[in-house]
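Trainee: My questions all concern the structure below.
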Amino acid sequence: MSPEETHEALRETMESTIAFLGGPTGWSQYVDNPPEQCTLPDGTDGVTFTARQTGPGVTDAEATVTGLETHWESLGLSPERVDSARTQIVLFGYGGPVKSMGAFVDAELITVSGEAHCVPGDFAQLLDEHLDAN
């Protein structure tokens, strides 16, 4: 997978998740974050991307998270709930088109974050391209 492909996979997974949760109306804008350095399994440097968006809370967080688990499974992610002392229900998803996704859901706010797979790529060049475009 190329840096462009992993970046697009993250964008598509974020868009699909936000749409499932009722967005994009009422949600923060998708921000094209700069690339980040990461380490590949063989120990060499690679590149990854991250994203984060927030949206309005829901009246039934339990039902929303249960639905999101099913949605993420349909995308190839393995969802995992995390016990939290917070009032939020916390759900993570791993694998499939992205390295990971996270959702923090309650009555006041939903926060969704994601990280693309770490892939080979020229971090400095990609960062320069990102900065030139923004």
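According to our numbering, the sequence shown is numbered sequentially starting from 1.
Heads up, the beta-carbon is just placed ideally off N, CA and C, and yes, glycines get one too.
In whole angstroms, give me the CA-to-CA distance for W72 and V98.
Mentor: Their Cα atoms are separated by approximately 11 Å.
Trainee: Helix, strand or coil: how does DSSP classify R11 here?
Mentor: It is helical.
Trainee: Could you please give the first and the last residue of the uninterrupted beta strand (DSSP E) stretch that includes G55?
Mentor: From DSSP, the beta strand (DSSP E) with G55 extends over T50 to P56.
Trainee: Indicate whether N106 and A63 have their beta-carbon atoms separated by less than 7 Å.
Mentor: The question names Asn, yet the displayed sequence has Asp at residue 106. For D106 and A63, no; Cβs fall outside 7 Å.
Trainee: For the beta strand (DSSP E) containing Q37, name the first residue and the last one.
Mentor: Run containing Q37: E36 to T39, per the beta strand (DSSP E) assignment.
Trainee: Of all the options R11, T44, P34 and E12, which has the alpha carbon lying nearest to the alpha carbon of N134?
Mentor: With distances taken between Cα atoms, N134 lies closest to P34.
Trainee: Once DSSP output is grouped into helix, strand and coil, what is the label at T111?
Mentor: T111: strand per DSSP, three-state reduction.
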